[in-house]
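Worksheet: one structure, shown below.
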Amino acid sequence: MNLTALSIIASLFDLPGPIEQIEPYGSGHIHDTFRVSTGASDTILQRVNTQVFRQPEQVMENITRVLEHARTKILAEGGDAARETLRLVPARDGAVFVRDEQGGFWRMFHFIAGTRVFDSAPNLHAVYQAAYAFGRFQQRMADLPGSRLHETIPNFHHTRLRLEAFQAAVRDDPQCRAAGACAEIEILLRREPDAAVVVDLLEQRRLPERVTHNDTKINNVLFDATGQKALAVIDLDTVMPGSVLYDFGDMVRTGAVRGAEDEPDLSAVDFDPGLFTQLARGYVHAVRELITPAESELLAFSAKLITYEQALRFLGDYLSGDVYYKIHRPQHNLERARTQIKLMTQMEEQMGLLEAIVVRCLNEKTP
Ligand code: ADP
Ligand code: GN1
Ligand code: MG
Numbered sequence: 206m207n208l209t210a211l212s213i214i215a216s217l218f219d220l221p222g223p224i225e226q227i228e229p230y231g232s233g234h235i236h237d238t239f240r241v242s243t244g245a246s247d248t249i250l251q252r253v254n255t256q257v258f259r260q261p262e263q264v265m266e267n268i269t270r271v272l273e274h275a276r277t278k279i280l281a282e283g284g285d286a287a288r289e290t291l292r293l294v295p296a297r298d299g300a301v302f303v304r305d306e307q308g309g310f311w312r313m314f315h316f317i318a319g320t321r322v323f324d325s326a327p328n329l330h331a332v333y334q335a336a337y338a339f340g341r342f343q344q345r346m347a348d349l350p351g352s353r354l355h356e357t358i359p360n361f362h363h364t365r366l367r368l369e370a371f372q373a374a375v376r377d378d379p380q381c382r383a384a385g386a387c388a389e390i391e392i393l394l395r396r397e398p399d400a401a402v403v404v405d406l407l408e409q410r411r412l413p414e415r416v417t418h419n420d421t422k423i424n425n426v427l428f429d430a431t432g433q434k435a436l437a438v439i440d441l442d443t444v445m446p447g448s449v450l451y452d453f454g455d456m457v458r459t460g461a462v463r464g465a466e467d468e469p470d471l472s473a474v475d476f477d478p479g480l481f482t483q484l485a486r487g488y489v490h491a492v493r494e495l496i497t498p499a500e501s502e503l504l505a506f507s508a509k510l511i512t513y514e515q516a517l518r519f520l521g522d523y524l525s526g527d528v529y530y531k532i533h534r535p536q537h538n539l540e541r542a543r544t545q546i547k548l549m550t551q552m553e554e555q556m557g558l559l560e561a562i563v564v565r566c567l568n569e570k571t572p
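For the sequence shown, this note's numbering assigns the number 206 to the initial residue and increments by one for each residue that follows.
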């Protein structure tokens with residue numbers, strides 16, 4: 206999309222000043238994100254991926270409620286609501302989104318200035334901070350008023366259905382890619398029993414349904430410019446009914462790791478129990494009063510589960526012809542799946558240790 210078209214869309218929002226510059230921003234896999242610089246403060250303009258979010262109005266309804274509640278909580282805690290949560294910039298007509306002539310769905314947030322994100326763990330302190338921020342978010346959403354949030358992507362973390370979709374992709378093999386990924390496919394199919402553990406307990410109501418973030422990648426936390434303090438949790442499109450196990454698991458998948466999610470050289474990718482310890486500490490310190498024994502017991506397992514699920518998703522997308530995740534090279538999704546498989550295997554090998562770390566964190570006093 207060219208700059209003129211982007212400027213026309215941006216000017217449909219209630220901008221803080223005249224547009225000076227528009228540039229692509231961030232490294233997300235789903236939306237198209239732009240930074241709109243104006244004479245006053247900046248904004249983030251996003252074209253929502255409506256292939257992924259089929260009912261974007263419902264996404265915005267959820268986000269509006271979640272942001273309103275987060276703001277109330279932050280103010281009550283004496284926090285800075287302009288920096289510790291996202292704020293929507295309304296359209297000139299008062300709506301929280303704009304539709305362009307091609308049906309594109311756009312929304313805008315105030316840019317939180319002087320912030321940065323980390324695509325992978327920078328150090329022990331930062332991952333503690335990120336985990337604490339996601340835990341706080343969880344804690345704040347525990348009393349979200351009103352009806353159940355919309356499921357913006359139905360069965361998003363339903364691992365058994367993710368496995369079924371993967372099995373279908375292997376069977377159909379529309380791009381004839383399965384033969385080149387036999388070893389990976391085999392490893393994932395062998396773990397079928399794991400796929401049912403959390404979904405079954407949720408269905409039996411032995412695990413509680415909560416309002417969860419569901420996309421707790423380490424780069425969905427904004428840090429201050431020093432990188433020392435986590436300020437705000439972002440990327441709220443998948444905030445919906447879920448389990449803390451999804452949030453903790455996805456945080457570990459991306460935060461307790463050395464190496465990038467798409468690192469082609471697997472020798473540069475490792476699961477790091479030291480980082481895991483800080484994530485567990487940060488999260489447990491924030492949600493200690495909230496989580497049940499059934500949830501605590503599965504925290505370590507959830508890391509492996511969500512990493513497994515992500516491997517199914519990446520490899521499934523590779524087999525299907527790269528229809529979901531943005532790719533930047535032909536085997537990108539295969540390479541992503543391989544890192545997840547390595548991490549999953551390392552987590553399995555160290556599961557006893559991870560469980561012991563979680564128990565230690567649960568017994569530790571909050572600093
Ligand atoms: P995606 O779903 O594609 O990951 P995100 O909502 O996470 O999209 O946004 C992509 C990137 O844009 C983030 O990783 C972050 O760097 C940046 N970003 C998003 N919102 C803001 C904001 N309000 N202030 C500053 N940076 C932001
Ligand atoms: C996507 O939007 P982003 O890049 O934060 C995806 C997550 C995956 C992640 C893998 C809505 O997250 O579920 O875990 O990529 N988001 C959606 O990197 O599918
Ligand atoms: Mg993101």
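We put the beta carbon where it would ideally sit given N, CA and C, even for glycine. Note that this is a predicted model, so its numbers are computed, not measured.
>> Assuming ARG312 and MET265 are in contact, meaning their beta carbons sit under 8 Å apart, how far apart are those beta carbons, in whole angstroms?
In response: Going by Cβ atoms, the distance from ARG312 to MET265 rounds to 6 Å, so yes, they are a contact pair.
>> I'd like the list of long-range same chain contacts for THR243, defined as Cβ closer than 7 Å, with 5 residues on each side in sequence excluded.
In response: Within the same chain, THR243 has close Cβ partners LEU220, PRO221, GLY222, PRO223, ILE224, GLU225.
> Based on the DSSP output, what are the partners of GLU228 in its beta bridges?
Replying inline: Beta-bridge pairing links GLU228 to ARG240.
> Could you give the distance in angstroms between the alpha-carbon of ARG353 and the alpha-carbon of HIS418?
Replying inline: Taking the straight line joining both Cα atoms gives about 14 Å.
>> I need the DSSP call for GLU261, collapsed to helix, strand or coil.
In response: A small fix is needed here, since residue 261 is Pro in this sequence, not Glu. Of the three classes helix, strand and coil, the one that applies to PRO261 here is helix, per DSSP.
> What residues in its chain sit with their C-beta under 6 Å from that of ARG288, if we drop five residues either side in the sequence?
Replying inline: The answer, listed in chain order, is ILE317, LEU436.
> How would the residue list near ligand 3 read, in chain order, if you kept each one whose beta-carbon is closer than 5 Å to any heavy atom?
Replying inline: My final list is GLY233, ASN425, ASP440.
> Near LEU407, which residues of its chain fall below 7 Å by C-beta distance, leaving aside the five closest residues on each side in sequence?
Replying inline: GLU414, SER448
> Quick one: is the Cβ of VAL564 within less than 7 Å of any heavy atom of ligand 1?
Replying inline: no
> By Cβ distance, which residues of its chain are closer than 8 Å to GLN251, with the 5 residues on each side in sequence left out?
Replying inline: Closer than 8 Å at the Cβ level, and outside the excluded window around GLN251, lie HIS236, ASP237, THR238, PHE239, TRP311, ARG312, MET313, PHE314.
>> Quick check: what's the CA-CA separation for ASP324 versus ALA296?
In response: 31 Å
> Can the beta-carbon of LEU524 be found closer than 8 Å to that of GLN380?
Replying inline: yes
>> Can you confirm whether the segment 518-534 touches the segment 368-388 when touching is taken to mean that 3 or more C-beta pairs between the two stretches lie within less than 8 Å?
In response: yes
>> I need the boundaries of the beta strand (DSSP E) containing ALA435, first residue and last residue.
In response: Annotation: the continuous beta strand (DSSP E) that includes ALA435 extends over 435-438.
> In terms of alpha-carbon separation, which member of ARG292, GLY283, ILE214, LEU280 lies closest to VAL438?
Replying inline: ARG292
> Is PRO446 helix, strand or coil by DSSP?
Replying inline: strand
>> Quick check on VAL528: does DSSP put it in helix, strand or coil?
In response: It is coil, neither helix nor strand.
> Cβ of THR443 within 7 Å of any heavy atom in ligand 2?
Replying inline: yes
> Nearest CA to the CA of THR320: which residue from ALA430, MET456, LEU280?
Replying inline: For the residues ALA430, MET456, LEU280, the minimum Cα distance to THR320 belongs to ALA430.
> Among GLY526, ILE511, VAL457, TYR529, which residue has its Cα nearest to the Cα of VAL563?
Replying inline: VAL457
>> Output needed for ILE390: all residues of its chain with C-beta closer than 6 Å, excluding positions within five of it in sequence on either side, in chain order.
In response: VAL375
> Per DSSP, THR417 is paired with what?
Replying inline: MET445
> Thinking just about the alpha-carbon of each residue, which of GLU466, ILE268, ASN568, ALA561 is nearest to the one in ARG541?
Replying inline: GLU466
>> So, for ALA331: in the same chain, excluding its five sequence neighbours on each side, which residues have a beta-carbon less than 8 Å away from its beta-carbon?
In response: PHE323, PHE428, GLY432, GLN433, ALA435
> If you draw a straight line from the alpha carbon of VAL301 to that of PRO261, how long is it in whole angstroms?
Replying inline: 11 Å
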